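S.K.:
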Amino acid sequence: MKLTTKGRYAVTAMLDLALHGDQGPVSLADISARQEISLSYLEQLFSRLRRQNLVVSIRGPGGGYRLSREAGQVFIAEVVDAVSESLDTTRCGNKGDCQKGEKCLTHHLWSDLSDQIHQFLSEISLGDLMKKHEIRQVADRQNRRQSDNGSETINTERLSDQAPA
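Residue 1245 is where the sequence shown ends in my numbering, and the numbering goes up by one at each step.
(1) Looking only at its own chain, which residues have a Cβ that is under 7 Å from the Cβ of S1202, when we skip the five neighbours before and after it?
(2) Per DSSP, which residues does Q1179 bridge with? Please list them.
(3) Indicate whether P1105 and G1152 have their beta-carbon atoms separated by less than 8 Å.
(4) When the Cα atoms are used, what is the spatial distance from S1118 to L1097?
(5) Closer than 8 Å by C-beta to E1237: which residues in its own chain qualify, once you throw out the five before and the five after it? Chain order, please.
(6) Would a C-beta distance cut-off of 8 Å place L1122 and I1111 closer than the cut-off?
(7) Judging by CA-CA distance, which residue of H1213, R1146 and Q1222 is the nearest neighbour of R1114?
(8) Rounded to a whole number of angstroms, what is the C-alpha to C-alpha distance between I1197 and L1125?
(9) Within 10 angstroms of its Cβ, does H1213 collect 16 or more other Cβ (buried), or is it exposed?
(10) Measure the C-alpha to C-alpha separation of A1245 and S1120 and round it to an integer number of angstroms.
(11) Starting from the C-beta of L1209, find all residues in its chain whose C-beta is less than 7 Å away, skip the five residues before and the five after it, and write them out in chain order.
(12) In the DSSP assignment, what are the bridge partners of L1147?
(13) For a test of the three-state rule: what should DSSP assign to S1107, helix, strand or coil?
(14) With a cut-off of 8 Å, does the C-beta of S1148 fall near any C-beta of chain C?
(15) Just to confirm, is the Cβ distance from D1168 to S1194 under 8 Å?
Next up, the structure:
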């Protein structure tokens, strides 16, 4: 099975949104900074997530995104599916033409594995992930790093304002 960057980044961004959504709408720029995902890539992903009603966009000053429902009701498989990510473990894209136009000997094994992975991800919500101690630790580290970077920028700006003319 190969979960590509699109699915991985979508899940990461949605988890970031869930972790920070209690403070109001979350900007894609903030998610981009914390998760080191390109802003333009996030815009593409969130367009798809919005079309699937997983997020709601808030316009205007202080705008951004929020989850369309409680984090405990948003499941990882939904996020992956929303960005058209395949969790297929077969060589043939589950078409059944893996060996000279016919099913190979292990087609059903890999197809069943794909179904099991999808079922597994269908049972894990963003809320479940938010409760994990390890995830909270990483989020706290990212928040500290973002705060430190923000204060450096402010201090630099203050210094340039105070420089002799």
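Where a beta carbon is used, it is the ideal one built from N, C-alpha and C, also for glycine.
All values reported here derive from a predicted model rather than from experimental measurement.
M.R.: Judging by the given coordinates:
(1) Annotation for S1202: F1155 and A1157 place their beta carbon closer than 7 Å to its own, counting only its chain and skipping 5 residues before and after.
(2) Secondary-structure assignment with DSSP links Q1179 through a beta bridge to E1182.
(3) Pairing P1105 with G1152 gives a Cβ-Cβ distance that is not under 8 Å.
(4) Cα-Cα distance, rounded: 15 Å.
(5) The pLDDT assigned to E1237 is 38, lower than 50, so where the model puts this residue is not dependable, and the model offers no usable value.
(6) Contact flag set, yes.
(7) Proximity to R1114 across H1213, R1146 and Q1222 peaks at Q1222, based on C-alpha coordinates.
(8) In this model, I1197 and L1125 are separated by some 22 Å (Cα to Cα).
(9) It counts as exposed.
(10) Residue confidence is low: A1245 scores 38 on pLDDT, short of 50, so the model does not pin down where it sits. No coordinate-derived value is stated.
(11) Excluding positions up to five away in sequence, the list reads L1095 and I1215.
(12) By DSSP's assignment, L1147 forms a beta bridge with V1135.
(13) Under the three-state reduction of DSSP, S1107 is assigned to coil, being neither helix nor strand.
(14) Chain labels in this structure do not include chain C; a single protein chain is all it has.
(15) Yes. Within cutoff.
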